[in-house]
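Peer 1: Chains as they are written, first to last, in our numbering: chain A, 25 to 332; chain B, 893 to 1505. Note that CB positions come from ideal geometry on N, CA and C, so glycine has one too.
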Amino acid sequence: MIDIRDVTVRYGSLVALDKLTLHIARGEAFGYIGPNGAGKSTTMKILACLLRATSGEASVGGLDVRKEAEQIRRMIGYMPDFLGVYDDLTVDEYLQFFAAAFSTPRRERRKLIDGVLDLTDLTEKRHELVDGLSRGMQQRLGIARVLIHDPAVLLLDEPASGLDPRARIEMRELLLELRNMGKTIIVSSHILSELHEMCSSIGIIERGRLLFAGTLEDAFMQADVGRRVAIRVESGVDRAMALLQEDERCAEVTVEKSDVVVQLHPDERSVHFLLERLMGQGFHIEGFTAREEKLEDVFLRLTQGKVQ
Amino acid sequence: MSRIGILTRLCPPGSLRRSVVKFVNPLHTFFGPIFQKEMATMSRRRGTYGIRLLYALIMVGIVSLFYLGTVVEGAFSSSAAESIQERARIAPTLAIVIGWIQFILLTLAGPLLTANAICDEKTRRTLPSLATTPLHATQIIFGKLASRMYTVVLLVALSIPLLLFLRVYGGLQAQVIVAFAALTLGSSTLAASIAIMYSVWHRRPWSVIIITALTLGLVYAAPPVTFGIISIYWPGAGMFAFMEAGFLCPPMVLIILTAQAQGESFPLQLDLDLMVTLSVVYMFTAALLIGIFASFMLRRVMLAEAGGWKAGRGSPMPTSRGGRKSKAGRRRSRHVWDAPVLWRETHQPLFGGGWSRWVIGIIVLLAVAAIYARVAWVGAFDDQAFHITIAVIFLILHLIISSVATTHVIAAERDARSLDVLLATPLSATRIIMGKYIGGLWRVGLIPAFLFLHTIAFAMFGYLRPATVYQVGMILLGATVFQTGLGLFFSVACRSAMRASIANLVTGFFAWIATPILFALLVAITDRFFWDLEESLFAKLLLAVNPVWMVVGTMDGAISRSTQPYEYPFEDASIIGYCAWLTISAFLLSGAGLLGVSGATLRLARQSGRVVF
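(1) Beta-carbon separation of Met1194(B) and Leu1022(B) under 8 Å?
(2) How would you write the range of the alpha helix (DSSP H) that Phe307(A) sits in, first residue to last?
(3) How many whole angstroms separate the CB atoms of Ile1033(B) and Ile1101(B), which I take to be in contact at a CB cut-off of 8 Å?
(4) Using the DSSP secondary-structure output, state which residues sit across from Phe236(A) in a beta bridge.
(5) Span of the beta strand (DSSP E) holding Thr278(A)?
(6) Can you pull out the residues from the segment 1319-1340 of chain B whose beta carbon lies closer than 7 Å to at least one beta carbon of chain C?
(7) Please list, in chain order, the chain A residues whose beta carbon lies closer than 7 Å to that of Pro1232(B).
(8) If the cut is a Cβ gap below 8 Å, which residues of chain B does Arg130(A) touch?
(9) Grouping DSSP H, G and I as helix and E and B as strand, with all else coil, what is Ile255(A)?
(10) Between Leu1105(B) and Asn1008(B), what straight-line distance do the alpha-carbon atoms span, to the nearest angstrom?
(11) Between the C-alpha atoms of Thr985(B) and Phe995(B), what's the straight-line distance to the nearest angstrom?
(12) With a 10 Å radius around its C-beta and 16 neighbouring C-beta atoms as the bar for buried, classify Val1060(B) as buried or exposed.
(13) If we call anything under 8 Å between Cβ atoms a contact, is Leu1077(B) one with Val1045(B)?
(14) Just verifying my parser: in three-state terms, what is the DSSP assignment at Ser37(A)?
(15) Under the rule that 16 or more other beta-carbon atoms within 10 Å means buried, what is Lys135(A), buried or exposed?
(16) Excluding the 5 residues preceding and the 5 following Ala1129(B) in the sequence, name in chain order all residues of the same chain whose CB lies nearer than 7 Å to its CB.
(17) Using 8 Å for Cβ pairs, my map puts Phe1286(B) next to Phe1350(B). What's the rounded Cβ distance?
(18) For the segment 1069-1138 of chain B, list the alpha helix (DSSP H) runs that are entirely contained and at least 4 residues long, ordered along the chain.
(19) Provide the residue(s) that pair with Gln287(A) in DSSP beta bridges, ordered along the chain.
(20) I need the boundaries of the beta strand (DSSP E) containing Ala1308(B), first residue and last residue.
(21) Which term fits Arg100(A), buried or exposed, when burial requires 16 or more other beta carbons within 10 angstroms of its beta carbon?
(22) Tell me, please, whether the segment 136-145 of chain A touches the segment 80-97 of chain A by the rule of three or more beta-carbon pairs shorter than 8 Å.
(23) Smallest Cα separation from Ile1147(B): which of Thr1376(B), Trp1235(B), Val1068(B)?
(24) Between Leu1380(B) and Ala1492(B), is the Cβ-Cβ spacing less than 8 Å?
(25) Using a Cβ-Cβ cutoff of less than 6 Å, which residues in the same chain neighbour Ile1302(B) once the five nearest sequence positions on both sides are dropped?
(26) Taking contact to mean at least 3 C-beta pairs separated by less than 8 Å, is the segment 1472-1487 of chain B in contact with the segment 1358-1378 of chain B?
(27) Please name the residue in Ala1029(B), Tyr1174(B), Ala983(B), Ala1186(B) whose C-alpha comes closest to that of Tyr1093(B).
(28) Distance cutoff 8 Å, beta carbons only. Does Glu117(A) sit that close to anything in chain B?
(29) Hey, how far is the Cα of Leu1333(B) from the Cα of Ile1293(B)?
(30) Beta-carbon of Glu94(A) versus every beta-carbon of chain B: anything under 8 Å?
(31) So if I threshold CB-CB distances at 9 Å, which residues from the segment 56-78 of chain A count as touching chain B?
(32) Identify which residue in Arg34(A), Ala49(A), Asp105(A) has its Cα closest to the Cα of Ala77(A).
(33) By alpha-carbon positions, which one of Glu148(A), Leu165(A), Glu197(A) ends up nearest to Val154(A)?
(34) Let me check one thing: in DSSP terms, what residues is His47(A) bridge-paired to?
(35) Based on DSSP bridge pairs, tell me the residues matched to Val211(A).
(36) Expressed to the nearest angstrom, what Euclidean distance is found between the alpha-carbon atoms of Gln120(A) and Val1437(B)?
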C-alpha cells in the first residue's frame, strides 16, 4: 500500500531523512517510533503530499506522491502532530467544511458526519465551538476529520500526545476499531506500550535513518529480547536464583521484589524446564507468570540506547 | 468597606510599597526580563535588520537625490549665487517632506509593531505560563512596548543626522528638527500603546490594527472637530479652545510647525515651543496611562484564559477573576457551502467579536450621522468640501482596512498551524486562493458600499453628476483589487500574518502617499534642468492611479457645474475623457492586484505540490 524508496530530505545542511526505504502492506497498522526530530513527521508529510523529498520515490496505493498528489489526497487522512483548528467553527461546521473540501455530495454529508461523530463519541459536542473542546476531544475531532472522506490510509502523527490516561485509552480503542475496519494506519507515538497493543508492525527511526521495520515478532527477535518469566517460590529465593543461573538457556536471572525473574535467550521459546528444574530440587512454587516483553526494551536495544 | 480597606486587603501595605517602588523603577518595568527576551528574539530575526536597512536606504536615497540635484544644478547654473539660492529654496521643503513621511510612516509602524504583542501569546497559549511567574502585568506590557519602540527610536535617530546635514544647504533649524522627531516619537508611542491595549482582548492582530487605526483617527480628529463645532456657535471660544488645547492634535501641531518653518505667518499668536512640548508630554502621558490600563486588563485576561475564557468571543472582558468559558452550548451550527473556503471567509468577522463590531459600528454611525445632520442643517449638500471630506476619509479608511483584510488569510493559517490540514485536502490552489480572496473582498465591502451609496443618493437628488457614480465605482474597484490582491500575495509569501500586513501597508503607503510626494520633490529638484516631469505621461499615470488624488478630482468636478471640465490628470478633461482615464487606471490597478492573486495561487501550488485549477 505504501512504498518509500531511498527517500532523502535535506533542510540545508540538516539531513531529515537519509535514504529511507519502507514498505507497508494494505490493512497494516504500522507504529512509527523515534525520538523528536528523528524524521517521523517528515515521512508523514511526504506521504501526505505536503513536502517534496530531495531525492527518492514514494507512492501510496501505487500512486506517485509527486505526480498523482490529487488522487493520493483523496485516499489519505492526515492528522498532524499539532492540530491547528479553526477556532470560530463548531464541531459540525468543522466537519462539514472538510466534507465539502473533499467534494462529498451534500446529501451524504449529514449521514457521514453523524457516523464519524458517533464513532469518535463527539455527538454531544456537535454544536460546540472547536476551540472550546478539551485537548482529548480536539484529538478525537482530528480523527473524525480524517475519517470524513473514508480514506483507505490514515497518517496519524502523535495522535495521543498531550492526552491524559483516560483519553489515551479512548484513543487507543478508537484506533483499534479503525484497524479492525481494515484501514492502513501509520501512527507515530512516544508511548511505546500503546503501539505495542495496536500495531501489527513497527518502524524505528533515528536521525533520519530507519533502524528497523517489520513485525513485532521480528523486532523482538532482532533486538534479542527473550521471554521473561516471574517465579515465586515459597522460600529460598537466593538458592533458586543461583540454580537457574547455572542453566545456559537463561540469559539473565534477577530478583524483583520477592519474585525470581528469568530472562530467556531469544531463541528459547519453552518455559517448562524452569518448573521441572525447580521442583526437582524441592522448591515449592507459589506463582509462575509469563511477563510481557516490552517494546521499550526493543526500542532501546535497537537504538543501542543512544537516542537523544 | 472603605477604599483604603479594600486596597489594603487586595495589596498589603508592604506589598503595595514594593509594587509602587518597582513600578516607578524603569529598569524593572520597562527593561525587565520581557524586554530582554523580546530584544533577544528580535535580534535573531533578519527582518529586523532588513526594515532598518530599508528605512536607512530610503532616507539616504532622498537626501542623495537632493545632493545629485544640487550637483547637476551647479553644473548648469550661470552663477554660484543662483545655485546656492536654489538649494536654499529646496532644502527646507525636502526636510519637511522627510519629517512628514517619517511622522506618517512611524505612526503607522507603532501599531504594526505591537498589534501582535499579546495576540501571539494567546495563539501560542503562553499567557497562563506567564501568569504563573512573578512578573507583573506592567512588566509584560511595558517590556513589550519598550522593546518594540526601540526600533522606532532607532529609525528616528537615523533620520536626525540626515536632516541636520540638510542644514548645510539651509534646511530646517535644529529646534524644528528636534520638534519633528519628538512629535513623531510621541505619536508612534501613543499609537503603539493603543494597539497593545487592544491586543490584550483581541485574538487577531489585523483586527487590532484596524481598530487602532480607527481609534487613532478619532483621537486625532476629535480636537479639531470639537474646536470647529465650538467655533460655529461661539467663535471666540473656539479660537480660545484651539489656542489652549490645540496640542491635543499632534498632526495639527505639525502643520503649524511646518507652516512656520516655511516662513508663513500664522494669524494667531501661538507659543509654538510650548505647544510642541505639551503635545509631546500629552502623547507620552496618554501612552503611559493606556499601558497601565492595558496591564490591569492583561492580568485578568491571563487568569481568565487559564480558566477557559477566550478573547474575542462573548463578553469583551472576563467578568470574574477566574473567567468563564464562552457560551458555546447556545450556538447552532450553520450550513457550509460547497465552496468551503469561501464560506468560511465570508463568515469571518473583520473586527473579531460581536461586541466590538457593535461598538465601532455605533461610533462610526453616530459620527457620520452628526456630519450629515450638520451639513443638512446649514444646507451645504452641494458643497464640494463636504463631498471631498467624506470621500477622502472613507477612502483612506478603506485603503487601510484593505491593506490588512487579506494579509492574514494564508499566513494566519500557518501561524495557527491549520494550513497543513487544509493543504491535505484535494482542493486546488485556485479554489483555496479565490475562496480566500473573494471572502476578503466581501469583508472589506462595507465602507466602499457606503461611499457608493453616498454617491448614488446625492446623484439621484441632483447634487452630484450622475457620472460620479461610475467614477467613484472605478476608483474603488481599482484600489480595492490592487490592495487586497497584493495582500493575498504577501500572505502566501510571508511567514507570519504580521509580516504580511506590514509588507502590504508599507506597499500601500509608498504607492499612495510617499511616491507622489517624492515625485513632487523630484519635480522640484529637477524641473529647471531636465525635461518637464510634471507634464510627462509618467506623472499623469502616477496621479491617475492614486485613488486619494483621483477621488478629490472626481468630487471636485462632481458638483453640477456642467460647463466646468475636470482638472486631473489632464487639465480641461471632458467627462468622457475623465471616465476613460479612471477606467484605464482601474484596469491597471486591478491588473496589478490580480497579478498578485495569480502569484499567490502559483506560489501556493508550488509550495504544496498541488494543481493550480
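Peer 2: Short version:
(1) Taking the C-beta atoms as reference points, Leu1022(B) is found nearer than 8 Å to Met1194(B).
(2) Note, Phe307(A): premise wrong, no alpha helix (DSSP H); not H, not E.
(3) With a beta-carbon spacing of about 18 Å, Ile1033(B) and Ile1101(B) fall beyond the 8 Å limit used to define contacts.
(4) Partner(s): Ile228(A).
(5) That run of the beta strand (DSSP E) goes 274-280.
(6) Protein chains in the displayed structure are A and B, and chain C is not among them.
(7) Neighbours of Pro1232(B) on chain A, chain order: Phe121, Ala124, Ala125.
(8) Correct list: Asp1230.
(9) Of the three classes helix, strand and coil, the one that applies to Ile255(A) here is strand, per DSSP.
(10) A quick correction: the sequence has Ala, not Leu, at residue 1105(B). One alpha carbon belongs to Ala1105(B), the other to Asn1008(B), and they sit about 15 Å apart.
(11) So the two alpha carbons sit approximately 15 Å from each other.
(12) The residue is exposed, with fewer than 16 neighbouring Cβ atoms inside 10 Å.
(13) It is a contact, given that the beta carbons lie within the stated cut-off.
(14) In the structure shown, Ser37(A) adopts coil according to DSSP, grouped into three states.
(15) Exposed is the call here.
(16) Scanning its chain for C-beta atoms nearer than 7 Å, with the 5 sequence neighbours on each side dropped, one finds around Ala1129(B) the residues Ile1122, in chain order.
(17) Incorrect: roughly 14 Å between the Cβ atoms, too far for contact.
(18) Listed in chain order, they are 1097-1125, 1127-1137.
(19) Residue pairing by DSSP puts Gln287(A) in a beta bridge opposite Arg252(A), Glu276(A).
(20) Run containing Ala1308(B): none; DSSP gives neither H nor E here.
(21) One detail in the question is off: residue 100(A) reads as Ile in this sequence, not Arg. Classification of Ile100(A): buried, given that the 10 Å Cβ count is 16 or more.
(22) Here the segment 136-145 of chain A does not lie against the segment 80-97 of chain A, with fewer than 3 beta-carbon pairs under 8 Å apart.
(23) Nearest of Thr1376(B), Trp1235(B), Val1068(B) to Ile1147(B), Cα basis: Val1068(B).
(24) Going by beta carbons, Leu1380(B) and Ala1492(B) fall inside the 8 Å limit.
(25) Cβ neighbours of Ile1302(B) beyond the five flanking positions: Ser1383, Val1384.
(26) With a cut-off of 8 Å, the segment 1358-1378 of chain B and the segment 1472-1487 of chain B count as touching, because enough Cβ pairs lie within range.
(27) For the record, residue 1093(B) in the displayed sequence is Trp; it is not Tyr. Selection Ala1029(B), Tyr1174(B), Ala983(B), Ala1186(B) evaluated against Trp1093(B) yields Ala1186(B) as nearest (Cα-Cα).
(28) Closer than 8 Å: yes.
(29) If I take the Cα positions, the gap works out to 11 Å.
(30) At a cut-off of 8 Å between C-beta atoms, Glu94(A) counts as an interface residue with respect to chain B.
(31) Answer set for the segment 56-78 of chain A: Lys69, Ala72, Cys73, Leu74, Leu75, Arg76.
(32) Taking only the C-alpha atoms, the option nearest Ala77(A) is Arg34(A).
(33) Answer by Cα proximity: Leu165(A).
(34) In the DSSP output, where bridge partners are listed per residue, His47(A) has Asp27(A).
(35) Beta-bridge pairing by DSSP links Val211(A) to Gly55(A), Leu180(A).
(36) Val1437(B) has its alpha-carbon roughly 42 Å from the corresponding atom of Gln120(A).
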